[in-house]
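What the sequence shown shows, in our numbering, is residues 194 to 338, in sequence order. The beta-carbon is built from N, C-alpha and C at its ideal position, and this holds for glycine as well. From a predicted model like this one, the values you see are computed outputs, not experimental measurements. Input: a single structure, listed below in C-alpha cells.
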Amino acid sequence: MENLVQKEIITWNKSFETGNPVVDGQHKNLFKMINDLHSGIEEGSASYFLTEIIEKLSNYITIHFNTEEDLMLNNFYPGYKDHKKAHTELKEQADKLIKLFLLKKVDLTATISQFLSDWLQNHIKDTDIKFIEWLRVNENNIITD
Ligand SMILES: [Fe+2]
194 MENLVQKEII TWNKSFETGN PVVDGQHKNL FKMINDLHSG IEEGSASYFL TEIIEKLSNY
254 ITIHFNTEED LMLNNFYPGY KDHKKAHTEL KEQADKLIKL FLLKKVDLTA TISQFLSDWL
314 QNHIKDTDIK FIEWLRVNEN NIITD
C-alpha cells in the first residue's frame, strides 16, 4: 500500500520564494525535474530514460545559473563573485557525478537526485534569497534617488 504513495524528494513551499518571478519560475522547474529524476529511479526506469532526464536537468541548471548571473552583473551585485563561485562548484560536482553515471561505473542516480535536492534547497535559502533581497533594496534606492 505504502509503495503506491509517490513521495517527492523535494517539495516547493513559500520559504523557497525569492520574490523574483523569473528566478522562482526556474527554481520550480528545477524542483520538478529533480522529482522526475527521483521518481524515475524509484520506478526502476531504463537507464537511457534516466540519462535523458539527467542531461536535460544538467542543461537547465546551466541556463538557470546564467539567468541569475546575468541579473547580478546587470545590477552590479557586490556578491557576484561568491555567488558565481557557488554555481561553478555545484556544476563541477554534478558533472563529475553525471560522468560516472554515464560511464556506468556505479549506480549513482539516487546520489545525484539527493545531492541536487539538498544543494538546491540550501542554495536558494542561503544565497539566492540574499541576492534577490539585495536587488529589491537596490532597485528601491534607484527609484527614490
Ligand atoms: Fe543561485
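Inter-residue CB distance, T320 and A279 (contact presumed, cutoff 8 Å): 6 Å
Other residues of its chain near L309: CB distance less than 6 Å, five sequence neighbours each side excluded: I227
I202 in three-state terms, based on DSSP: Per DSSP, reduced to three states, the secondary structure at I202 is coil, with no helix or strand assignment.
Sequence-distant residues of the same chain with beta carbon closer than 6 Å to E282, five excluded per side: none
Proximal residues to T337 (C-beta, below 7 Å), its chain only, five neighbours per side dropped: Residue confidence for T337 is low, a pLDDT of 43 falling below 50, so the modelled location carries little weight; the figure read from the coordinates is stated next. Answer for T337: no residue qualifies.
For H316 and L264, the rounded distance between their alpha carbons: 17 Å
H220 beta carbon near ligand 1 (any heavy atom closer than 7 Å): no
Inter-residue spacing [alpha-carbon to alpha-carbon] between E195 and P214: Note that E195 has pLDDT 49, beneath the 50 cutoff, so the model's placement of it is unreliable and no number is given.
Rounded C-alpha distance that separates S232 from I246: 11 Å
H257 versus I325 - alpha carbon distance: Approximately 14 Å, taken between the alpha carbons.
Three-state secondary structure (DSSP) of P271: Here P271 sits in coil by DSSP.
Every unbroken alpha helix (DSSP H) within the segment 251-324, with a cutoff of 4 residues, ordered by chain: The segment 251-324 contains these whole alpha helix (DSSP H) runs: 273-295, 302-316.
Beta carbon shell of ligand 1 at less than 5 Å from a heavy atom: E261, D321
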